[in-house]
Every structure is written in structure tokens, then in C-alpha cells.
Amino acid sequence: MTWIDAYDRRHKPTLRNYLSPPAMALLETLNNELFQRYRIKAAPPRYTQKNGWVFPYRLQGLTLFPLVIRDETGFAAGDLIVEEEAHLKQALAEIDLRCQSGFLQKAEDAVASRKEKARNKRLLEPDTRAEEPEALLPGSDPEKLNQFSWIPALSPAELRRLYRSSANGMLDHGLLDQVGILFYLRCKQGIEGFKLIRSGKLKCHHCGSLLLKEEGLMVCRCGYQYAYKGYIDSFNAHRMPGGNALHIFSEFAEKWPGAQTDSQKMNLIDWMIHQCHINMSSGLRMRSILKNLIDAPQRTAEKLILELAYGDPAPQR
Ligand SMILES: [Zn+2]
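Here the sequence shown is numbered in the working numbering, starting from 425 and rising by one per residue.
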């Protein structure tokens, strides 16, 4: 069974149950080497449209490569397929090269910049510091604690299909609405969540009640429970729209309900994609609004936006 068939979006994968013993042994060697040499290790898996669950290998929040699985015979470290010893050696040599030619330096820079940001943040928001980890919340019920349902980001495939249908003069009306409504709902939920966080509140994802920020466990009248930090972490982990580009998301959310005709709807979506493009070209990667809207790694999403902005696939690197 292929990896994608074995574990869909709702089922978190277990590598050890899936990979053949020889492939698992290769992976263990890789993990060992990367950790010994550079302290690089796999982050929790994330689901992608293209490859199903992938494991980003990270250092200081920077991804060196995603570990991609196709079937039980091996894995790919980025573009390098590893199914036997010799491949592994080659992959390690390539990874070494990447580490030495810039990646380690970038990771160091990331630490420095994060420290700087944390200093600024402490100055701005003195009360968002250290809260209890969820495990220490007395009386919490894991089934009811921090159960969120965020509107998902859009898959690149759907956006590409929409643009193709539009370019071919056979606009897919259903898809047009689907994409627009998804953007609309995601922007609305993000904007609302972001504003609530700023005012020290959260909205229960089950009954819609507003809860005031409290230290420790917050219990909604519907029975669901929240830890404020867990809420913020989940908001960020799902890359919900908010932050520096709030005005862009707000503009879309305000205009979408008024877009009646196909061309008004398509223009508005195209406007949003154009905002992604501007944002991307401005070089402010950290602020990129792409990641708030498109469910893909930054590079893939960037390529897609270039392709849509210029009507051609971006040159392969
Ligand atoms: Zn509730």
C-alpha cells in the first residue's frame, strides 16, 4: 500500500509500523548522523496534498528538507531517494554540503533574530509570558481540551485548476465559489481570532461563546475547555490569517459577499493572489501572506504564485 493510501489527513502516521525493517534501519542511521553532527531532527509530521504526511527536518525552526515517503521500501530526503546504503551515503554527503554552504549560518541567524523579537515582544506584551503547560492543567479532560476546528488553507491544485479553467475560457463556476468561499471563511475566522487574541479573549470553537482570558484552565459553558496559550499556539500552527497583513484579509472578507458575477468573484480572487505576489516580491518572507492562504511549503506556494501571476510555470531551479 502506498504511503498516501495508508495514512490520510485524519490519520497520523507511524513510520515504524509502515517502513520495511531495512528502510527503517536506514532512516535510523540518517537520524542518528544528523543529530550527532548538527542537532538536526525531524519535527512532527504535517499533511501535504502532494505527498501526504511529510516530516520536516529542522534546526532552529528552519527546514533543511522534508522527509517524504512513497512506499515501504525507502524514503526521500528532499529530492534524494534512499533505498539502500549507497544512497544513504550520497544523501548524507549532499546534506553535509547544504549544511556547510549556508544552512547552519541561517539557523544561527534565526536564533539571533528570534531572541531579538522575543525581547521586543516582552516589552510590548508583558503578560503573555510563561503559562502552564497543558499537561499541568488540573481538571482538564484531554477529549475536551483545546479541540479546535480551523477553516483549512487552499490546496495549490485547486487554485491552479481554477486559473486554468479561467484561462481556457471555461470558468469552473463551482470551483470559483468553492475557492472564494474558502478564502472568505478562512480570512473571517483568522481576523476574528486575531482580534480576540489581541483583546485577551477567545471564541469557543464548539458553541461560539466568548471566553475571557484566564490563567490556567478556561471552561466553556458547553463543556469544552481551553488553555489560552494552546489557543494561540493552535492559531499560529494553522497559519491563520492575521498579523501584519490583517488589512488585506479584511479587504477580501469585506468585498467577497458583494461579488455577485463570476467576473467580480474571479477578479477579487485574482486581487488576493496579486497581493500574495506583491508581498512575496517585497522580500518580507516572514510576513508572507501566502502561508496563511495556501496549504503548501513556502517554496511551492511561491512557485505557484509566480506561475499564476505570469501565466507560465516558474523556471525550475
Ligand atoms: Zn463552548
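Ideal placement from N, C-alpha and C gives every residue a C-beta, glycine not left out.
Burial is judged here by how many other beta carbons sit within 10 angstroms of a residue's own beta carbon; R610 has at least 16 and is buried. Here E638 is exposed, its C-beta having fewer than 16 other C-beta atoms within 10 Å.
For M696, the secondary structure class from DSSP, reduced to helix, strand or coil, is helix.
For I656, the three-state secondary structure derived from DSSP is helix.
Non-local C-beta neighbours of S564 in its own chain, meaning closer than 8 Å and more than five positions away in sequence, comprise E558, L641, Q649, A651, ordered along the chain. If you check the CB distance, L512 and L458 do not come in under 8 Å. Counting along the chain, the unbroken beta strand (DSSP E) around F499 starts and ends at 499–501. Around the beta carbon of E540, fewer than 16 other beta carbons sit within 10 angstroms, so the residue counts as exposed.
Boundaries for W477: no alpha helix (DSSP H) harbours it, while the beta strand (DSSP E) harbouring it runs 476–483, taken from the DSSP string. From the listed residues G485, W427, A577, K679, the smallest Cα separation to G498 is found for W427. Here P445 carries a helix assignment [DSSP, helix/strand/coil]. DSSP, read as helix, strand or coil, puts T472 in strand. Remark: C-beta atoms of Q722 and L730 do not approach each other more closely than 8 Å. For Q613, DSSP assigns no beta-bridge partner whatsoever. Between the C-alpha atoms of A591 and L583 there is a straight-line separation of about 12 Å.
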